[in-house]
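Report on the structure given below.
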């Protein structure tokens, strides 16, 4: 699990450095998942080439009370 989280943060740092997070909706959604106290899950729905949006298609895994 730590390798998965580390890989996500490396990807977000690369997006922030080379293009800005505002230009990377996938990195934005992954960061939002961590901000909400969960973890990003899989992609559910249409792919980006088919009109899928990261905010609608990346699942959030959260083990909170509700």
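Residue numbers (my numbering): -12 to 53. Cβ coordinates follow ideal geometry from the N, Cα and C atoms, glycine included.
In the displayed model, residue 33 falls within coil according to three-state DSSP, outside both helix and strand. Nearest to residue 30 by alpha-carbon distance, out of 23, 24 and 38, is 38. With a cutoff of 7 Å on beta-carbon distance, residue 47 and residue 20 are scored as near each other.
DSSP, read as helix, strand or coil, puts residue 1 in helix.
Under the DSSP assignment, residue 18 falls in the alpha helix (DSSP H) whose first and last residues are 12 to 22.
Separation of residue 51 and residue 27 (C-alpha to C-alpha, rounded to the nearest whole angstrom) is 14 Å.
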